[in-house]
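**Student:**
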Amino acid sequence: MNYHSNIGRHTAVVGLQWGDEGKGKIVDVLTAEHDVIVRYNGGANAGHTVVVEGQRYALHLIPSGILYPHKMCVIGNGVVVDPERLLEEIDSLRSRSIAVGDNLRISDRAHVVMPYHKEQDAALEDYLASTTANASGSLAIGTTRRGIGPAYADKVCRSTAIRMGDLLDPAYLRERLRVICKLRTNELRAMGVSTAPLDADALAERFGALGVRLRPHIVDSVYELHGAAALGRTILFEGANACLLDIDHGTYPYVTSSNCSTAGIHSGTGIPGSTIGRVLGIMKAYSTRVGAGPFPTELNNEIGSTIRERGREYGTTTGRPRRCGWLDLVAVKYSAMVCGATGIACTLFDVLSGFDELRICTKYRLADGSLSDRFIPDARRLEGASPVYETFDGWSESVAEAGSRSALPDAAKRYLARIEEVVGIPIEMVGIGPERSQTLVAQ
Ligand code: IMP
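In my numbering, the protein residues as written are 166 to 608.
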């Protein structure tokens with residue numbers, strides 16, 4: 166069996182909004198049907214929460230599949246890895262009796278997030294927040310300050326990058342860091358950070374030691390993945406962040422620094438897109454966003470606050486309150502198109518119980534007064550679009566105990582049916598609570 170015989174066998178899970186769609190839980194449900202679970206983009210900016218038998222696990226770098234025994238979990242070459250956070254995550258899982266050993270593989274080509282990347286990230290955000298504040302906000306992106314942008318910038322820059330494989334070669338690591346630290350010290354100072362000169366030798370020692378601990382996991386993940394697929398194993402690709410945060414297809418520049426749409430899978434793992442037959446797009450039953458950037462259906466009112474409290478809309482990674490709003494199907498339909506979604510998982514549906522009425526945005530009114538059903542993946546132009554809503558009756562009943570989609574209140578069924586009609590693909594799963602078991606799967 167080679168890649169050619171694997172056409173259409175694998176599955177991808179990808180967020181269709183601005184992140185935090187509950188992908189971790191859906192990946193967890195799908196893991197049962199797959200052998201290998203792979204992260205292809207992003208880093209510790211992601212936060213995937215999974216609740217299993219009342220136990221809550223918040224994962225940032227390790228694929229959610231780790232919670233299942235006997236599944237292979239892979240951190241692909243497209244991910245930027247903060248090795249200290251990764252080891253914290255490994256230790257925390259082990260302390261809760263989750264086995265992490267041969268079941269976790271990390272690409273030797275994944276890039277390393279170094280401490281100076283986090284300093285650069287914070288310094289740039291602070292600089293932008295203080296120097297560019299004006300009536301329309303600032304140029305600061307509201308990043309997670311996890312060093313994601315600077316690490317990807319070094320990847321593209323090449324000469325200043327460190328990859329996971331480099332941690333295994335102390336002399337090479339030290340040599341590179343000596344040059345990088347000189348440059349970085351100057352750059353940080355130019356951004357107003359009063360830093361002592363970065364100590365290349367100390368960093369080389371610290372990260373070399375991390376390399377020693379991580380050595381058993383560091384592999385050529387491209388051959389590992391193709392090898393597993395050749396043995397007939399099926400792969401589940403776990404997208405982090407989400408399509409509207411994609412560096413190419415999102416609301417640029419208020420995006421993250423990786424291809425978090427399905428566009429990142431091939432480059433971030435070395436597995437061709439033609440092997441993916443199923444793309445499950447994850448969307449919340451409403452919309453949220455963390456950090457800066459346009460959000461046409463945002464509700465800066467009591468309804469927004471109610472959604473935030475009911476949906477516990479606070480960041481897994483940073484604890485920041487999320488901005489909340491009505492469901493924007495113009496955005497979801499665009500993401501489904503870009504990602505090639507074949508089906509939808511609609512999560513946090515239980516949060517919508519108890520509203521008198523609900524709204525769904527199906528068009529935008531543009532600055533010139535015209536109507537459009539096209540998303541605008543450009544922050545400046547999207548600011549000028551206002552949502553045009555369809556209004557739906559709400560339902561008062563809790564749906565958390567519903568055994569199937571047909572058991573949902575009629576108004577809830579109409580809401581879901583309209584999503585399918587507008588986006589043009591079926592809803593395959595509906596999330597009605599945080600537990601693994603609270604997922605309605607279409608028969
Ligand atoms: P960065 O990825 O830390 O550079 O942040 C860039 C933007 O993406 C910020 O607005 C973050 O809040 C947002 N972001 C990054 N990762 C996630 C995520 O997993 N969920 C939601 N927002 C995210």
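We put the CB at the ideal spot given by N, CA and C, even for glycine.
Apply the 10 Å Cβ neighbour rule to residue 295 and answer buried if 16 or more other Cβ atoms are within range, or exposed otherwise.
**Tutor:** The residue in question, residue 295, is exposed, as its Cβ has fewer than 16 Cβ neighbours within 10 Å.
**Student:** Looking at residue 148 and the ligand IMP, is the gap between the Cβ and the nearest heavy atom below 8 Å?
**Tutor:** In this structure the chain extends from 166 to 608, so residue 148 is not present and cannot be described.
**Student:** When DSSP labels each residue in this structure, what does residue 269 get in the three-state scheme?
**Tutor:** Strand.
**Student:** Considering only residues of the same chain and omitting the five flanking positions on each side of residue 288, which have a CB-CB separation below 8 Å?
**Tutor:** If we look at residue 288 and ignore the five residues flanking it on each side, its Cβ neighbours are 353, 356, 357 and 358.
**Student:** Who are the Cβ neighbours of residue 556 in its own chain at under 7 Å, not counting the five residues just before and after it?
**Tutor:** These residues qualify, in order along the chain: 522 and 524.
**Student:** Taking only heavy atoms of the ligand IMP into account, decide whether any of them is closer than 8 Å to the Cβ of residue 607.
**Tutor:** Residue 607 Cβ: outside cutoff for every heavy atom of the ligand IMP.
**Student:** Please state the DSSP three-state secondary structure of residue 280.
**Tutor:** Helix at residue 280.
**Student:** May I ask you to check if the CB of residue 454 is nearer than 8 Å to at least one heavy atom of the ligand IMP?
**Tutor:** Under cutoff, so the answer is yes.
**Student:** Curious, which full-length beta strand (DSSP E) runs of at least 3 residues does the segment 492-562 contain?
**Tutor:** Segments of the beta strand (DSSP E) lying fully in the segment 492-562: 508-512, 522-530 and 551-558.
**Student:** Find the nearest neighbour of residue 576 within the set 498, 170 and 560, judged by alpha-carbon distance.
**Tutor:** Nearest of 498, 170 and 560 to residue 576, Cα basis: 560.
**Student:** Go to residue 452, then tell me how far its beta strand (DSSP E) extends in each direction, as first and last residue.
**Tutor:** That run of the beta strand (DSSP E) goes 452-454.
**Student:** Taking the alpha-carbon positions, what's the residue 307 to residue 495 distance?
**Tutor:** When rounded, the distance between both Cα atoms is 24 Å.
**Student:** Would residue 342 pass as a contact of residue 372 if the rule is Cβ separation under 9 Å?
**Tutor:** Against a cut-off of 9 Å, the Cβ pair of residue 372 and residue 342 comes out as a contact.
**Student:** Confirm, please, whether the CB-CB distance from residue 465 to residue 184 is below 9 Å.
**Tutor:** No, the pair does not count as a contact, with Cβ atoms beyond the cut-off.
**Student:** Between the segment 197-212 and the segment 233-240, can you find at least three pairs of beta-carbon atoms closer than 8 Å?
**Tutor:** Yes, the segment 233-240 is in contact with the segment 197-212.
**Student:** Return the chain-ordered list of same chain residues with a C-beta closer than 6 Å to the C-beta of residue 312, the five sequence neighbours on each side being excluded.
**Tutor:** Correct list, in chain order: 278, 282, 283 and 286.
**Student:** Please list the terminal residues of the continuous alpha helix (DSSP H) segment that includes residue 382.
**Tutor:** Note, residue 382: premise wrong, no alpha helix (DSSP H); not H, not E.
**Student:** Once the 5 residues before and after residue 419 are set aside, which same chain residues still bring their CB inside 6 Å of it?
**Tutor:** Excluding positions up to five away in sequence, the list reads 306, 457, 458 and 544.
**Student:** Take the Cβ of residue 182 as the centre, count every other Cβ of all protein chains shown within 10 Å, and call the residue buried at 16 or more, exposed below.
**Tutor:** Classification for residue 182: buried.
**Student:** Does the ligand IMP have even one heavy atom less than 8 Å from the beta-carbon of residue 406?
**Tutor:** Checking the Cβ of residue 406 against the ligand IMP gives yes.
**Student:** Going by DSSP, what residue range makes up the beta strand (DSSP E) through residue 443?
**Tutor:** Per DSSP, residue 443 belongs to the beta strand (DSSP E) from 441-449.
**Student:** Within the present structure, is the beta-carbon of residue 307 separated from the nearest heavy atom of the ligand IMP by less than 8 Å?
**Tutor:** Checking the Cβ of residue 307 against the ligand IMP gives yes.
**Student:** What does DSSP give as the partner residue(s) for residue 485 in the beta ladder?
**Tutor:** BP columns for residue 485 are empty, so no partner.
**Student:** Sorted by chain position, which residues of the same chain lie with C-beta nearer than 7 Å to residue 263's C-beta, five sequence neighbours on each side aside?
**Tutor:** Around residue 263: 231 and 232.
**Student:** Among the candidates 514, 362, 274 and 266, whose CA atom is the shortest distance from the CA of residue 326?
**Tutor:** Taking only the C-alpha atoms, the option nearest residue 326 is 274.
**Student:** Rounded to a whole number of angstroms, what is the C-alpha to C-alpha distance between residue 515 and residue 596?
**Tutor:** Approximately 7 Å, taken between the alpha carbons.
**Student:** Considering only heavy atoms of the ligand IMP, does any lie closer than 8 Å to the CB of residue 457?
**Tutor:** Yes - the ligand IMP has a heavy atom lying nearer than 8 Å to the Cβ of residue 457.
**Student:** Run the CB neighbour count on residue 169, radius 10 Å, all protein chains shown included, and call it buried at 16 or more, exposed below.
**Tutor:** It is exposed - the Cβ of residue 169 has fewer than 16 other Cβ atoms within 10 Å.
**Student:** Is it a yes or a no for the segment 523-543 touching the segment 475-484, going by three-plus beta-carbon pairs under 8 Å?
**Tutor:** They do not touch, by the three-pair rule.
**Student:** Using 8 Å as the cut-off, can you tell me whether the segment 185-201 makes contact with the segment 443-453, which would need three or more C-beta pairs spanning the two stretches below that distance?
**Tutor:** Taking 8 Å as the limit for Cβ pairs, the verdict is that the segment 443-453 does touch the segment 185-201.
**Student:** If we call anything under 9 Å between Cβ atoms a contact, is residue 440 one with residue 175?
**Tutor:** Cβ atoms of residue 440 and residue 175: closer than 9 Å.
**Student:** Bridge partners of residue 238, per DSSP?
**Tutor:** 202 and 269.
**Student:** Quick test of your reading: residue 293 and residue 332, contact by CB under 8 Å. State the CB separation rounded to the nearest angstrom.
**Tutor:** Rounded, the Cβ-Cβ distance is 31 Å, inconsistent with contact.
**Student:** Leaving out five residues before and five after residue 646 in sequence, what residues of the same chain have Cβ atoms less than 6 Å from its Cβ?
**Tutor:** Residue 646 is absent from the model: the chain starts at 166 and stops at 608.
**Student:** With a threshold of 6 Å on Cβ separation, who are the neighbours of residue 335 within its own chain once the five nearest residues in sequence on each side are excluded?
**Tutor:** The residues are 373.
**Student:** In this structure, does DSSP put residue 225 in helix, strand or coil?
**Tutor:** Coil, per DSSP.
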